[in-house]
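Enquirer: Dropping a structure here in structure tokens format, bear with me for questions.
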Amino acid sequence: MQTEITKSQPLLNDRGHIIHPGWARQLFWEYDRSRIHASKWRIKEWDYYLVANEHYGVAFTISDLGYIGLISVSFLNFDENWEHTETVFEPFPFGKYKMPPTSVTGDVAFHNKQLHLTYDVTPGQRKISCHFFKFYEGKDLNAELSLSQPDMDTMCIATPWKEKPTAFYYNQKINCLPATGYATLGDITYEFFPDRDAGVLDWGRGVWTYDNTWYWGTGSGFLDGEPFGFNLGYGFTDRSSASENVLFYKNKAHKLDEVSFEIPRKADGSYDYLKKWKITSNDGRLNASFCPVLNRHADMNVLVIATDQNQVFGHLTGTAVLDDGTKLNFSDFFCAIEVVHNRY
Numbered sequence: 010m011q012t013e014i015t016k017s018q019p020l021l022n023d024r025g026h027i028i029h030p031g032w033a034r035q036l037f038w039e040y041d042r043s044r045i046h047a048s049k050w051r052i053k054e055w056d057y058y059l060v061a062n063e064h065y066g067v068a069f070t071i072s073d074l075g076y077i078g079l080i081s082v083s084f085l086n087f088d089e090n091w092e093h094t095e096t097v098f099e100p101f102p103f104g105k106y107k108m109p110p111t112s113v114t115g116d117v118a119f120h121n122k123q124l125h126l127t128y129d130v131t132p133g134q135r136k137i138s139c140h141f142f143k144f145y146e147g148k149d150l151n152a153e154l155s156l157s158q159p160d161m162d163t164m165c166i167a168t169p170w171k172e173k174p175t176a177f178y179y180n181q182k183i184n185c186l187p188a189t190g191y192a193t194l195g196d197i198t199y200e201f202f203p204d205r206d207a208g209v210l211d212w213g214r215g216v217w218t219y220d221n222t223w224y225w226g227t228g229s230g231f232l233d234g235e236p237f238g239f240n241l242g243y244g245f246t247d248r249s250s251a252s253e254n255v256l257f258y259k260n261k262a263h264k265l266d267e268v269s270f271e272i273p274r275k276a277d278g279s280y281d282y283l284k285k286w287k288i289t290s291n292d293g294r295l296n297a298s299f300c301p302v303l304n305r306h307a308d309m310n311v312l313v314i315a316t317d318q319n320q321v322f323g324h325l326t327g328t329a330v331l332d333d334g335t336k337l338n339f340s341d342f343f344c345a346i347e348v349v350h351n352r353y
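What follows is the structure, given as structure tokens:
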């Protein structure tokens, strides 16, 4: 079942339950933090940007996870097969970052002695400014990026947990944002060009249950000069009302049903992330192989807080079928697919 929401409406009722679960092309649900029926310790709000091409990339996170603030910056070098991530933790932010209730307006910023990170949103444009002192091997990381946002479809989803209806996941992915700007690490500058490079915004607000695993794939780029990308995901919340699986082509969303990531396993049964994967949809509209080049792995276990992240970057080759039956062939399309297990 794929319930599409097409009109503006409140997200939560007076009991803190999602009124109409489903998916949408725009952010039609109105998020109101005061309607949440959960402790401030459980509320999670985040804005994550990834801007990358097949050679290099950068990622930025500002998140308020209730009892901890997590601000993260990553630099990714795919040609040399390495990445570096620095994360700042702050105890008990409880809303002090003032994350906006919508992705459409409102700026977000974090500043301390080491890191200055800002997201500025104006109509049709998103700007990211980052200055991270002594980010890697004593080198500073500086980035100034502009992501243009034309009139375009996005992927939005609002779904609850069956076992706890006051827990919910409200999320928007804005793919295929043409990127202009640069990132400088030490004395080397890495440039981004809008006819070649694109970014994605992962915007989310919600209340989660304690122990979750999700599978997420994101791609943003160009196919024969036209904007092309995808958002794929499963394993997280009750998706009986809708999945978040969408193809993007020429800035229009084309809805898929369910997808699966067939990840090779090692002899001990664990995932072998750097072997070739298979990515398919149950409706036959997506059939592709994924060849990894780099795994950005992060693992943390401190008392009741634990996370095991494998964000794998690589090339996707296969076919995709649009809503009207048009078949697209793509080869070595650069993207990221991840498996994350969190307990917090």
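Take the position in the sequence shown, starting the count at 1, then add 9; the result is the number in my numbering. We put the CB at the ideal spot given by N, CA and C, even for glycine.
1. Going by other Cβ atoms of all chains shown within 10 Å of its Cβ, with 16 needed for buried, is Cys300 buried or exposed?
2. For Thr7, which of Asn62, Phe119 and Ser249 has the nearest alpha-carbon?
3. In or out: Arg51 buried (at least 16 other Cβ within 10 Å) or exposed?
4. With three or more C-beta pairs closer than 8 Å as the rule, is the region 151–162 touching the region 195–215?
5. Where does Ser340 sit, in a helix, a strand or coil, going by DSSP?
6. May I ask you to list the residues that DSSP assigns as paired with Lys148?
7. Jot down the residue ranges of each uninterrupted beta strand (DSSP E) in the region 249–333, minimum 3 residues, whole runs only, in chain order.
8. Keeping to the same chain, check which residues put their C-beta closer than 6 Å to that of His306; ignore five residues upstream and five downstream.
9. How should Ser249 be labelled, buried or exposed, when 16 other C-beta atoms within 10 angstroms of its C-beta is the threshold for buried?
10. Are Gly31 and Ile45 touching if we call contact CB-CB under 8 Å?
11. The beta strand (DSSP E) with Val216 in it runs from where to where?
12. Spatial neighbours of Gln18 within its chain, please: CB distance less than 8 Å, with the 5 preceding and 5 following residues excluded, ordered by chain position.
13. Is the separation between the beta-carbon of Asp41 and that of Leu74 shorter than 8 Å?
14. Looking at the strands, I want to know which residues DSSP matches up with Pro19.
15. Of all the options Tyr106, Lys122 and Asn121, which has the alpha carbon lying nearest to the alpha carbon of Gly115?
16. Count the other CB atoms, across all protein chains shown, that sit within 10 Å of the CB of Gln181; report buried if there are 16 or more and exposed otherwise.
17. On the three-pair Cβ rule with 8 Å, is the region 52–64 touching the region 272–289?
18. Three or more beta-carbon pairs under 8 Å between the region 331–340 and the region 253–266, yes or no?
19. What alpha helix (DSSP H) runs, 4 residues minimum, are completely inside the region 162–204?
20. Go ahead and pull the three-state DSSP assignment for Arg44.
21. From Ser269 to Glu347, what distance separates their C-alpha atoms?
22. With Phe245 and Gly228 assumed to form a contact (beta carbons below 8 Å), what rounded beta-carbon distance in angstroms separates them?
23. Indicate the three-state DSSP secondary structure (helix, strand or coil) for Ser112 in the structure shown.
24. In or out: Gly195 buried (at least 16 other Cβ within 10 Å) or exposed?
25. Mind checking Ile197: buried by the 16 CB within 10 Å criterion, or exposed?
26. I think Trp225 touches Leu241, with their Cβ atoms under 8 Å apart; what is that distance to the nearest whole Å?
Expert: Taking the structure as given:
1. exposed
2. For the chain, the structure presents residues 10 to 353; residue 7 sits outside this window and is missing.
3. buried
4. yes
5. strand
6. Tyr145
7. 255–258, 261–264, 268–271, 286–290, 295–311 and 314–330
8. Asn319
9. exposed
10. no
11. Ala207 to Val216
12. Ile28, His29, Phe37, Trp38 and Glu39
13. no
14. Glu39
15. Tyr106
16. buried
17. no
18. yes
19. none
20. helix
21. 12 Å
22. Rounded, the Cβ-Cβ distance is 19 Å, inconsistent with contact.
23. coil
24. exposed
25. exposed
26. 7 Å
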